[in-house]
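Undergrad: To start, I am sharing the structure in question, which I have written as structure tokens.
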Amino acid sequence: REIHRLDYRPPTFWVDSVALEFDLGEEGTVVTARLSLRRNDEVAEGPLELDGEELETLSVAVDGRVLGQGEYTIEGERLTIPDLPARCELETKVRIHPESNTQLSGLYLSSGNFCTQCEAEGFRRITWFLDRPDVMATYTVAIRADKQRYPVLLSNGNRVGERDLGDGRHEVRWEDPFVKPSYLFALVAGQLASHAGDFTTVSGRTVRCEIWVEAHNLDKCDHALRSLQAAMRWDEEQFGREYDLDLYMIVAVDDFNMGAMENKGLNIFNSKFVLARPDTATDDDYEGVEGVVAHEYFHNWTGNRVTCRDWFQLTLKEGLTVFRDQRFSADMGSEPVKRIEDVAMLRLRQYAEDAGPMAHPIRPESYISMDNFYTATVYEKGSEVIRMVDTLLGRDGFRRGMDLYFERHDGQAVTCDDFRAAMADANGRDLAQFERWYTQAGTPRLVATGRFDAAAGTYSLTLRQECPTGQREEDFRALHMPIRMGLIGPDGADQPLGFEGEAAAGAPTERVLELTEREQTFVFAGLTAEPVPSLARGLSAPVLLELEEDEQRLAFRLAHDSDAFNRWDAGQRLFGAAILAGAAALARGDEFQVSKGLVEAFRAVVTDPSLDGSMRSLAMALPSELELAQRMEIVDPDALHRARRAVRRALAEGTRTELAALWERAKPSGAYSNDRASIDRRREANVALAYLSCLESPEWTAAVAAHFDGADNMTDSQAALATLCQLDVPDRQRALEAFYAKWKGDPLVLDKWFTLQATSVLPGAPTRVAALAHHPDFTWRNPNRVRSVVGAFAMANHSGFHSADGSGYTLVADAVIELQGANPQLASRLAGSFNHYKRYDQHRQQAMRGALERIAAVDGLSKDVYEIVHRALA
Ligand code: ARG
Ligand code: ZN
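In terms of full-length UniProt numbering, the sequence shown is residues 11 to 884.
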């Protein structure tokens, strides 16, 4: 059944308060729920309709009287009570089975501990409820369980009581004073220990911060705790938002479908985004922890205090919170590095989504399973849309808008329109046209052309918005977009941007052009030589910029663009064009040569003293096969792979002296340290060594092996092993065995071991991956493990997944079929691997289509997988 955004109706009843009691058991858990109900005055009549899934209903009572069979009905996942007083107390008692809940939605067990995941619609798997985000209530929770096995009992808010029940069981009571929707409910019970610290808020209150983990992981919590404290401070400083409870808890669990969850006062996290120690987590993992901890913390205001009216508004909290966490991470580290990483991910995942069968606006119009709409579009493009508001209004204007948003809507469940209205009203701006970013799907193309008139000294820049690929021309209407830009002079310096008819003197060297029409021309005057345009700096709008630039011009911008992001982007365009030209040549059966200019441009990056190590490593990285595939008319995975490899090798050969010098300068010396400069050095050292390994010389293979053996931290260890995994050398097997022997007891590190093998492009990838799925440490029950093998193979091993014999497709389809009943959410993510089958050659298209049809034919297919597969086949 498909749900439509425009079908939203307010509920017939509100729930003012909820009292929950849990009797946790090894074989069944009993949940008692008492709801204070109040009829919604705005809805004249209608029965009470509650949601429930896989509940065994033991009793239903109203105001203390048990209802008889005829007084309510249960049909499928709905409990209906036709006649109820305008105010009453409803008590239900149900039995549920967390011990056999493999979906990891609702109440379930992970490593023997109870935990919950309720967003989006998991609370209905715990008790009968109006399980929709516009129903906000206060909660009290009593948890009862065996004292030995479950000494720690946690829920949202403040701990208000504990008692021994005498029979080996105990009870802990929790109270959350803030109203919240059911998706923010959380419960944890088990054997856990906490690493704790304090945070003093700006108004002087002390907040206790606790990171709960299995005791043996206590030495991996400090980074998460510090990240939380930093995020708390940052939200006070940047947005004036203070934490509102006296306790903030984060619990790490191993079995989790997503990254983490912002439950009020009790976040539950995939342990991947909590646990970090230098020998087990890479520099990137550390950044991941910091970013996700901050993201969930920022939800306390953008998501929890102000939440979504319905799930179509998801980007209201997710786009905004991603924008906030991106800004936070930029402030903690390097702004351009963070921006480049985020845009690279956006282009890889979100632009691809926009171009395929799952294309949807950031505020979708319909869904079958809401869980399928926790997408790159809602999150990452949603954040880009917020970023454009920030660009249009300026930092101060954006802050004024946020203040008004909180002032108006604290404690409410609202819509994306409410957010836009607050931003507009606080700044006296009209954002009506801006709404189209919320209604139109797809990545708009922005076609730029420039014309220099030497006699007049003017440069005319024409920007034209084109309908996104895959969308209908008649549906496309001009978007309101900010284009940050500059014009670079022959000396490499940005020129003053005086508009025609204005004085050029004193004009800014960078401007934000506001586009509101399909086509607009901007004329700049006072120029003495033809400038090189640098457009959409920092990717100021989520568009595909099409501007004709030859190799020379791109190399010029790679060397001179004053915008660090656009410098990197120029390099990506330059290298990407070379690889694509190479792939086209190879596909025709022609030879191809890497140009001298390309090698020189690369050499300039390797040696540029002004670049820090992180920027250098990003600038040296070639666009991935997956990203380049998006730009091929008909994707030829083999030609693409061979071309990229050839370019890589040619660059390495052409600059081996400089690469060796870079490695010598940046390679590990002295003990590990996690300061910025050391992180930068590790990055450039590892990327240099990876290039040198392409030379396939015994000397450099030995250097990689030695780097692996000598590593005293996971960043170097993983980087060296990743490089070895792409080489057909004896050291590869030896290193894999050593790594396994050392880390087989640490699931997160073992995930890396699986992933590095699943993403190796050595011949026979599907066979190797199939073998990994039969390894004794492989399990279908742990989402991280499944993703580390099947997910990594399908999403990050382009040539392997698209092996010509179709064995990669068979393997992934088998995995989807294996998982779809037990864990529909995880299965449906994997099913998305086939979304782009129409872009490949006939032979592969047929094979992928066959895989999709095989999945579609499964009896009793879960709705999550059904939706993905049927959209793809349509
Ligand atoms: N709100 C969570 C976050 O963004 C994600 C929850 C996703 N849940 C789901 N069932 N897809 O941090
Ligand atoms: Zn979120």
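Note that CB positions come from ideal geometry on N, CA and C, so glycine has one too.
Assuming T325 and G392 make a contact with CB atoms under 8 Å, what is their CB distance in whole Å?
TA: The beta carbons of T325 and G392 sit about 4 Å from each other, so the pair counts as a contact at 8 Å.
Undergrad: Between the C-alpha atoms of V868 and A423, what's the straight-line distance to the nearest angstrom?
TA: Straight across, the Cα-Cα distance linking V868 with A423 is about 39 Å.
Undergrad: Any contact of the segment 363-378 with the segment 644-651, i.e. 3+ C-beta pairs under 8 Å?
TA: In short, these stretches do not touch, since the Cβ pair count stays below three.
Undergrad: Compute the Euclidean distance between the alpha carbons of A203 and G275, then round it to the nearest angstrom.
TA: 17 Å
Undergrad: For S213 and R583, what's the separation of their Cα atoms in angstroms?
TA: Each residue's Cα considered, the two are about 49 Å apart.
Undergrad: Tell me whether the beta-carbon of S550 lies closer than 8 Å to the beta-carbon of G496.
TA: no
Undergrad: If we count Cβ pairs, one from each stretch, closer than 8 Å, do we get three or more for the segment 144-152 versus the segment 29-36?
TA: yes
Undergrad: Exposed or buried, which one is R215 when buried takes at least 16 other CB atoms within 10 Å?
TA: exposed
Undergrad: Would you tell me roughly how many angstroms separate the C-alpha atoms of T126 and M268, rounded to the nearest one?
TA: 12 Å
Undergrad: Take the Cβ of M355 as the centre, count every other Cβ of all protein chains shown within 10 Å, and call the residue buried at 16 or more, exposed below.
TA: exposed
Undergrad: Could you spell out the range, first to last residue, of the beta strand (DSSP E) harbouring V25?
TA: F23 to D33
Undergrad: Can you give me the C-alpha to C-alpha distance between R359 and V771, rounded to a whole angstrom?
TA: C-alpha separation (whole angstroms): 21 Å.
Undergrad: Thinking C-beta only, is R430 closer than 8 Å to P445?
TA: The amino acid at residue 445 is misidentified as Pro; the sequence shows Glu. E445 places its beta carbon less than 8 Å from that of R430.
Undergrad: Out of E527, G343 and L840, point me to the one whose CA is closest to P492's CA.
TA: E527
Undergrad: Looking at the secondary structure, which residues open and close the beta strand (DSSP E) in which D156 lies?
TA: Where D156 is concerned, the enclosing beta strand (DSSP E) starts and stops at A147 to D156.
Undergrad: What are the start and end residues of the alpha helix (DSSP H) that includes N794?
TA: P793 to V796
Undergrad: Taking the C-alpha atoms as reference points, what is the distance between F575 and R349?
TA: 7 Å
Undergrad: Cα-Cα, which of T425, D256 and Q530 is closest to F322?
TA: T425
Undergrad: Which two residues bound the contiguous beta strand (DSSP E) that contains T765?
TA: Here T765 belongs to no beta strand (DSSP E); instead the alpha helix (DSSP H) covers P757 to A768.
Undergrad: For H305, is the beta carbon positioned less than 7 Å from some heavy atom of ligand 2?
TA: At least one heavy atom of ligand 2 is found less than 7 Å from the C-beta of H305.
Undergrad: Confirm the yes/no value for this check: CB of H812, any heavy atom of ligand 2, distance under 7 Å.
TA: no
Undergrad: Buried or exposed: where does P143 fall if 16 or more other Cβ atoms within 10 Å of its Cβ makes it buried?
TA: By the beta-carbon neighbour count (other beta carbons within 10 angstroms, threshold 16), P143 is buried.
Undergrad: Could you tell me whether any non-hydrogen atom of ligand 2 is closer than 7 Å to the CB of E394?
TA: no
Undergrad: In angstroms, rounded to a whole number, what distance separates the CA positions of K157 and Q113?
TA: 27 Å
Undergrad: Name the DSSP bridge partner or partners of D186?
TA: Bridge pairing for D186: Y149 [DSSP].
Undergrad: According to DSSP, which residues form a beta bridge with A206?
TA: Residue pairing by DSSP places A206 opposite E220 in a beta bridge.
Undergrad: Alpha carbons only, please: which of D435, E172, A857 and G452 is nearest the one belonging to A488?
TA: That would be G452, whose Cα lies nearest to the Cα of A488.
Undergrad: Taking the beta strand (DSSP E) that G171 belongs to, which residues open and close that run?
TA: N168 to D174
Undergrad: Where do the ends of the alpha helix (DSSP H) carrying residue 937 lie?
TA: Coverage of the chain is limited to positions 11 through 884, which leaves residue 937 absent and any answer about it impossible.
Undergrad: What are the start and end residues of the beta strand (DSSP E) that includes D463?
TA: R455 to D463
Undergrad: Taking 8 Å as the threshold (C-beta atoms), are T211 and I106 in contact?
TA: no
Undergrad: Where does I644 land, buried or exposed, given buried means 16+ other C-beta within 10 angstroms?
TA: So I644 ends up on the exposed side.
Undergrad: On the DSSP letters alone, give me the boundaries of the beta strand (DSSP E) that Y258 sits inside.
TA: L257 to V263
Undergrad: Using three-state DSSP, classify D289 as helix, strand or coil.
TA: coil
Undergrad: Any idea which residues DSSP pairs residue 7 with across the strands?
TA: Residue 7 is absent from the structure shown; the chain starts at 11 and stops at 884.
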